[in-house]
Amino acid sequence: MQVAYHTPPRFPLDVIENIRAGASLLFQRLGLSDFAPIDGWYLPPSACISSSGEKFGRTNSDIVLFTDINLISGME
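Residue numbers for the sequence shown, in our numbering: 477 to 552.
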């Protein structure tokens, strides 16, 4: 079995832009710098069940959901 990693991922451009903007906003609001892995989900239209009226996390295509920021001790 072969595994391939694509960076940036093969998502629509508006999704990639939303991921980048969201990660930047998380870094700013949490006072992070340098490095912190951020986990999340890209939910295609069939999985989009959200009552949020906010733009953050929404794209023209789907929803981006950030779930976990992994702060690494000693990397501050």
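Note that beta-carbon positions come from the ideal geometry of N, C-alpha and C, so glycine has one too.
All figures in this text were calculated on a predicted structure; none of them were measured in a lab.
| message | Measuring straight from C-alpha to C-alpha, what distance separates residue 499 and residue 511? | response | The residue given as residue 499 occupies position 23 in the sequence shown. The residue given as residue 511 occupies position 35 in the sequence shown. Each residue's alpha carbon lies about 11 Å from the other.
Given a cut-off of 9 Å on the beta-carbon distance, is the pair residue 492 and residue 513 in contact?
Locating residue 492 in the sequence shown gives position 16, counting from the first residue. Locating residue 513 in the sequence shown gives position 37, counting from the first residue. No, the pair does not count as a contact, with Cβ atoms beyond the cut-off.
Counted within 10 angstroms of its Cβ, other Cβ atoms place residue 539 as buried (16 or more) or exposed = Taking the first residue of the sequence shown as 1, we reach residue 539 at position 63. Buried, by the Cβ-count rule.
Quiz item: In terms of residues, what are the limits of the beta strand (DSSP E) holding residue 507?
Solution: Residue mapping note: residue 507 aligns to position 31 of the sequence shown, counting from 1. Neither: residue 507 is in no beta strand (DSSP E) and is coded neither H nor E.
Sorted by chain position, which residues of the same chain lie with C-beta nearer than 6 Å to residue 515's C-beta, five sequence neighbours on each side aside?
Here residue 515 corresponds to residue number 39 of the sequence shown, with the count starting at 1. Same-chain partners within the cutoff: 543, 544.
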